[in-house]
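Counting from 1, position 123 in the sequence shown corresponds to residue 124 in this note's numbering; the numbering is continuous, with no gaps.
Even for Gly, the Cβ is constructed at its ideal location relative to N, Cα and C.
Reviewing the structure listed below.
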Amino acid sequence: MYFAALLARTEDGWEASDTELDDVETLSDLADLAREAAAEDDTVLVLIEQEDAWFGVVRIDGEEDPRIYVSDAAAAARSSYGEILLTDELLGREPGDDDPDLDALDLDGTEDGEDEDDDPAAEAGASGEIVPHGPVGDAQVLDDLGVSEKQLKSLSEDAVNEIAESLGASEVLETVR
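What follows is the structure, encoded as structure tokens:
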């Protein structure tokens, strides 16, 4: 089960709104959605959580590039919402590296439908990319808001609620949950 919410900082504190991510296909789409919720160029946080698997924080400050933290990249990679956050830059890849290199393909006849079950390379995924287990991104994304890197990395279950509580936004988040 997924939960996604926007927390927009205003002069009066935090305002929360739940958000539908069905129409969001890229990080740019997500950033645009967050900016629409912002009062002027204030900070907006997008909090995404898949129960007992992973959580992500995307911070948008005005027109600056989004800052991202994902608690478990491998778990998020198996999620359509997680794939939005796992950019090439976040994973330390060059843009476009996910396309298979035709020179590196093993064209030994198995492409004609022979059984590949014994091929360990086939287990790495179509692109051959391995996404790291564990956290990726900017673990200091919430430092100035009162959630330290150490605290962020120690969160697991109910992470979104714990972040909101640290920000003083748990009541407004509860209204959209």
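- Shown here, residue 36 sits in a helix according to DSSP, grouped into three states.
- With the rule of 3 Cβ pairs closer than 8 Å, the stretch 149–157 does not count as touching the stretch 81–93.
- Residue 51: member of the beta strand (DSSP E) spanning 44–51, first to last residue.
- In the three-state reduction of the DSSP assignment, residue 135 falls in the coil class.
- For residue 83, the uninterrupted alpha helix (DSSP H) run begins and ends at 81–86, by DSSP.
- Ranked by Cα distance from residue 63, the options 13, 69, 166, 33 are led by 33.
- Assignment of residue 157 by DSSP, reduced to helix, strand and coil, places it in the strand class.
- Between the stretch 4–21 and the stretch 32–49, the count of C-beta pairs closer than 8 Å reaches three or more; the two stretches touch.
- Contact annotation: residue 149 and residue 162 have beta-carbon atoms that are not nearer than 8 Å.
- Pairing residue 83 with residue 12, the inter-Cα distance amounts to about 31 Å.
- Shown here, residue 92 sits in coil according to DSSP, grouped into three states, outside any helix or strand.
- One thing to note: residue 69 has its Cβ no nearer than 8 Å to the Cβ of residue 3.
- Within the DSSP secondary-structure output, residue 29 pairs in no beta bridge.
- Beta-bridge pairing by DSSP links residue 6 to 19, 48.
- Checking the DSSP bridge columns, you'll see residue 11 partnered with 14.
- Per DSSP, residue 173 is one residue of the alpha helix (DSSP H) stretching across 171–177.
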